[in-house]
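Following the numbering used here, the numbering of the sequence shown begins with 167 at its first residue and continues without gaps.
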Amino acid sequence: MSPDPIHIRVAREGDADAIVSIVNEAYRAEAFFVAGDRISRADVDTFVQAGSCFVAEADGAVVACVQVEVDDGRGYFGMLAVRPDAQGRGIGRTLIAFAEATVRQRGCVAMDIKVVNLRVDLIRFYASLGYTAGGTEPYVHRPVLQPCHFVLMTKAL
Ligand SMILES: CC(C)(COP(=O)(O)OP(=O)(O)OC[C@H]1O[C@@H](n2cnc3c(N)ncnc32)[C@H](O)[C@@H]1OP(=O)(O)O)[C@@H](O)C(=O)NCCC(=O)NCCS
Numbered sequence: 167m168s169p170d171p172i173h174i175r176v177a178r179e180g181d182a183d184a185i186v187s188i189v190n191e192a193y194r195a196e197a198f199f200v201a202g203d204r205i206s207r208a209d210v211d212t213f214v215q216a217g218s219c220f221v222a223e224a225d226g227a228v229v230a231c232v233q234v235e236v237d238d239g240r241g242y243f244g245m246l247a248v249r250p251d252a253q254g255r256g257i258g259r260t261l262i263a264f265a266e267a268t269v270r271q272r273g274c275v276a277m278d279i280k281v282v283n284l285r286v287d288l289i290r291f292y293a294s295l296g297y298t299a300g301g302t303e304p305y306v307h308r309p310v311l312q313p314c315h316f317v318l319m320t321k322a323l
């Protein structure tokens, strides 16, 4: 399907409720291995205040978000989430390209991401975008329903 016309901008304080609900709804996709919410309002407030959270709007409503950071010449994006009823239309792909362009403009030579090893389709998708697996890290966020770990993936920019 062709991408929706979306507008990407830095998140503002008034977006926090929408971000919390989009992230927690979208990450229900992980309910098969982890229970509970993916993100708290306090964490979203921290990202918004730091200016590291970006939202995508379609028809005037926030439909997706991503958190982007730069550290020592390397970029990182996380909390990528598209409202379930807007998924599969290219918005996720567009936000990833936006995150990559953002850190490239800030001088980064690579982008790092963390994907849970059980998300096999997602790992395959990131591989198709040029990300390669380079290590693992324990999954310590929340109590899990089955063993899992993060796969660290990297793309040279
Ligand atoms: C992963 C996610 C951000 C993708 O956003 P999206 O707007 O749906 O994705 P796009 O339409 O740009 O498609 C990108 C890829 O996502 C996958 N995808 C998208 N919608 C999908 C769906 N409904 N079912 C299965 N895979 C899907 C496909 O692999 C697709 O690649 P393809 O076009 O080559 O088939 C979105 O599905 C989401 O919010 N998921 C829940 C939260 C999450 O898992 N975040 C990422 C954690 S690292």
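Think of the CB as a built atom: it goes at the ideal place given N, C-alpha and C, for glycine as much as any other residue.
Comparing the CB of residue i with every heavy atom of ligand 1, is any distance shorter than 7 Å?
| i | result |
| --- | --- |
| Arg259 | yes |
| Tyr117 | A question about residue 117 goes unanswered here, because the residues of the chain that appear run from 167 up to 323. |
| Gln233 | no |
| Asp278 | no |
| Gln253 | yes |
In chain order, what residues of the same chain have a beta carbon less than 7 Å from the beta carbon of residue i, not counting five sequence neighbours either side?
| i | result |
| --- | --- |
| Tyr193 | Arg204, Ala247 |
| Asn190 | Asp203, Arg204, Ile205 |
| Asp211 | Ala182 |
Quick one: residues in its chain with C-beta nearer than 8 Å to the C-beta of residue i, no 5 flanking neighbours on either side, listed in chain order?
| i | result |
| --- | --- |
| Val275 | Gly239, Arg240, Ala322, Leu323 |
| Lys280 | Gly244, Glu303, Phe316, Val317, Leu318, Met319 |
How would you label residue i, buried or exposed, when you count the other beta carbons within 10 angstroms and need 16 or more for buried?
| i | result |
| --- | --- |
| Gln233 | buried |
| Ser218 | buried |
| Thr298 | exposed |
| Val214 | buried |
Enumerate in chain order the residues of its own chain whose CB-to-CB distance from residue i is below 6 Å, with the five nearest sequence positions on each side excluded.
| i | result |
| --- | --- |
| Leu311 | Phe199 |
| Val221 | Ala177, Asp181, Val228, Cys231 |
Which two residues bound the contiguous alpha helix (DSSP H) that contains residue i?
| i | result |
| --- | --- |
| Tyr119 | The requested residue 119 does not occur in the structure, where the chain is confined to residues 167 to 323. |
| Phe199 | Premise fails: Phe199 is in no alpha helix (DSSP H) and is neither H nor E. |
| Val210 | 207–216 |
| Asp183 | 182–192 |
Our contact map puts residue i next to residue j with C-beta atoms below 8 Å; I'd like the distance itself, whole angstroms only.
| i | j | result |
| --- | --- | --- |
| Arg249 | Val229 | 5 Å |
| Tyr242 | Asp278 | 5 Å |
In the DSSP assignment, find the beta strand (DSSP E) that holds residue i and state where it starts and stops.
| i | result |
| --- | --- |
| Ile262 | Run containing Ile262: none in the beta strand (DSSP E); it sits in the alpha helix (DSSP H), 257–271. |
| Asp237 | 227–237 |
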